[in-house]
Structure formats: structure tokens, C-alpha cells
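Reviewing the structure listed below.
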């Protein structure tokens with residue numbers, strides 16, 4: 089910290105998951121194993137799609153982008169977390185914290201929107217096959233990809249702007265093992281109700297849009313027998329359920345494990 093007219097926080101300190109060195113090493117090994125599985129696995133998916141000329145359908149185009157987002161998300165989160173488990177003093181600079189939060193929400197928001205796009209792609213392929221090649225043209229796929237990247241960027245900018253508008257004059261310690269917007273807002277030395285309200289609205293809007301998009305795709309499949317039509321593809325619900333599961337995991341990780349405060353105390357835990 090530096091003292092001028094007032095104390096300004098220039099770094100944040102994580103107290104960690106536990107003070108037990110043995111448990112920290114155990115968690116470190118577990119996270120490292122998952123990281124070494126997830127990262128090469130996603131790159132293998134990308135390499136397979138790029139090297140096989142037969143995998144040119146929009147589904148594989150979006151699947152490759154999903155693998156890239158998953159790998160990038162893991163690369164942003166895991167290395168820093170692994171380093172903290174081995175470090176006695178878990179410190180991150182203010183700028184480093186803001187940078188990590190930006191990419192965390194940028195990639196997380198983009199991945200949620202990408203799941204909706206993939207559900208829409210399956211909807212068109214199953215229920216509107218005659219229009220599929222027109223609606224899901226290569227140009228349309230790139231436009232959708234650009235739109236979801238833009239959506240993730242806007243979502244992330246709003247989250248980061250909420251933090252940049254808050255003064256941090258101490259304390260700078262958090263009894264946790266992971267940084268995210270709800271945790272950082274708790275350290276602000278001012279009333280954070282408005283910031284929490286905007287955070288909940290931004291996260292809630294993103295989550296609601298993604299959830300409704302996935303729900304609409306799944307509801308169409310479930311409703312077919314009620315209209316006297318046969319289900320065209322037994323794998324369709326698995327796609328929606330997988331997307332919903334991924335969205336739920338992303339939502340819980342973006343929210344973080346921090347203790348709720350003020351507005352977030354009563355807000356459901358599925359908000360991004």
C-alpha cells in the first residue's frame with residue numbers, strides 16, 4: 089500500500105482455502121491433474137476439427153470455438169490458482185486483479201452465449217432442415233460468433249467498470265481462494281448496494297438470456313410427442329442438458345464461493 093492523503097490499495101491478498109499445508113498440496117495436485125486433462129483435451133478437439141476436411145459443418149465450427157473458450161478460461165484461472173497454492177503470501181496487484189476479472193467474464197459470458205448458438209444450430213438442423221443451409225451459412229456463423237464475442241465483451245466491461253468506480257482504501261485481505269467481482273466489491277470502503285444491484289442485473293440478464301435460449305430448444309424437443317410428432321433425434325436432449333450443465337458450472341464459477349452480502353445475500357446462486 090502507499091500512503092498519501094489517504095491509503096490506497098494497490099494489491100490484494102488472498103488468505104487461501106485453508107492454512108493446512110497438506111490440504112493445499114492435495115488441492116494443488118487435484119487442480120493440476122484436471123488442468124493437464126482439460127487443456128490438451130480442448131486443443132486436441134481444435135486440432136481434430138481443423139485437420140479433418142470432413143468436419144466443416146457449423147456444429148463443428150462452434151464446437152471448435154467452444155473448445156478454444158474452455159481452454160482459454162482454464163488458462164486464465166488455473167495457473168494463478170496453482171501458483172497461489174504453492175505460495176506463502178498470495179498477492180495480486182490491483183491491475184492484475186482487474187485484468188483477470190475482465191478475461192474471466194469475457195470468456196465466461198462468451199461461452200454462455202455460444203451454448204445458446206449451438207442449441208439454435210441443433211434446432212435448425214433437426215426441426216428446419218430445409219432452411220438449415222440458408223440460415224446457418226458460413227457468413228451467418230461468423231456473424232453469430234462475432235455477436236457472442238461482443239456480448240461477452242460488453243458483459244465483462246460492465247463488471248469491470250463497477251469495480252473501477254469503487255474506492256479501495258483497506259482492508260485488502262479476503263478469506264477466500266479465488267477472486268471475482270462479488271469478493272472484490274466487499275473490500276470497497278463505501279456503500280456498495282448500488283454496485284451490487286448493477287452487478288446482479290448484469291449477471292442476471294446474461295444468465296436469463298442464455299437459460300431461456302437453452303430452455304426453448306429443449307422445450308421444443310419435449311413438446312413434440314404432445315403434438316403427435318415423433319422425436320427426430322434421440323441425441324437432441326443430451327445436447328441441451330450438456331449445455332445447461334456447462335452453463336450452470338460457468339455460472340457458479342463466475343459467482344464464486346464468497347459469502348453473500350447485502351443484495352447478493354438473498355439472490356439465487358445460479359446468477360452468473
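Residue numbers (the working numbering): 89 to 360. Every residue, glycine too, gets a C-beta built ideally from N, C-alpha and C. No experiment lies behind these values; they were computed from the predicted model shown.
Boundaries of the beta strand (DSSP E) in which residue i is found, first to last residue
i: residue 99; result: 99-102
Minimum C-alpha distance to residue i - residue among the options
i: residue 235; options: 213, 205, 245 and 215; result: 205
i: residue 133; options: 219, 150 and 179; result: 150
i: residue 173; options: 308, 102 and 140; result: 102
i: residue 159; options: 200, 125, 270 and 255; result: 125
i: residue 182; options: 254, 278 and 225; result: 254
i: residue 208; options: 228, 196 and 195; result: 228
i: residue 247; options: 135, 196 and 108; result: 196
i: residue 263; options: 310, 271 and 130; result: 271
i: residue 106; options: 185, 193 and 266; result: 266
i: residue 286; options: 297, 298, 302 and 269; result: 269
i: residue 161; options: 108, 282, 110 and 240; result: 240
i: residue 243; options: 214, 201, 131 and 282; result: 201
i: residue 168; options: 284, 123, 307 and 277; result: 123
i: residue 109; options: 252, 190, 289 and 175; result: 175
i: residue 237; options: 194, 212 and 166; result: 194
i: residue 232; options: 303, 166, 146 and 293; result: 146
i: residue 135; options: 117, 154 and 121; result: 154
i: residue 100; options: 213, 188, 303 and 279; result: 188
i: residue 177; options: 104, 281 and 293; result: 104
i: residue 129; options: 273, 152, 293 and 199; result: 152
i: residue 226; options: 111, 203, 144 and 293; result: 144
i: residue 283; options: 186, 277, 291 and 273; result: 273
i: residue 166; options: 121, 203, 278 and 179; result: 121
i: residue 298; options: 252, 199, 230 and 113; result: 199
i: residue 294; options: 203, 252 and 230; result: 203
i: residue 191; options: 245, 230 and 113; result: 245
Counterpart residues of residue i in DSSP-defined beta bridges
i: residue 188; result: Answer by DSSP bridge pairing: none, since residue 188 is not bridged.
i: residue 181; result: 99
i: residue 261; result: 101
Start-to-end residues for the alpha helix (DSSP H) that takes in residue i
i: residue 280; result: Counting along the chain, residue 280 falls outside any alpha helix (DSSP H), and DSSP gives it neither H nor E.
i: residue 237; result: 226-252
i: residue 138; result: 109-139
i: residue 168; result: 146-174
i: residue 218; result: 217-223
i: residue 270; result: 269-273
Inter-residue CB distance, residue i and residue j (contact presumed, cutoff 8 Å)
i: residue 250; j: residue 260; result: In fact, because the Cβ distance is near 18 Å, the residues do not count as touching under 8 Å.
i: residue 115; j: residue 257; result: Between residue 257 and residue 115 the Cβ distance is about 32 Å, and since that is not below 8 Å, they are no contact.
i: residue 119; j: residue 157; result: Going by Cβ atoms, the distance from residue 119 to residue 157 rounds to 19 Å, so no, they are not a contact pair.
i: residue 308; j: residue 220; result: The pair is not a contact, with the Cβ atoms about 15 Å apart (cut-off 8 Å).
i: residue 137; j: residue 148; result: 5 Å
i: residue 211; j: residue 305; result: 5 Å
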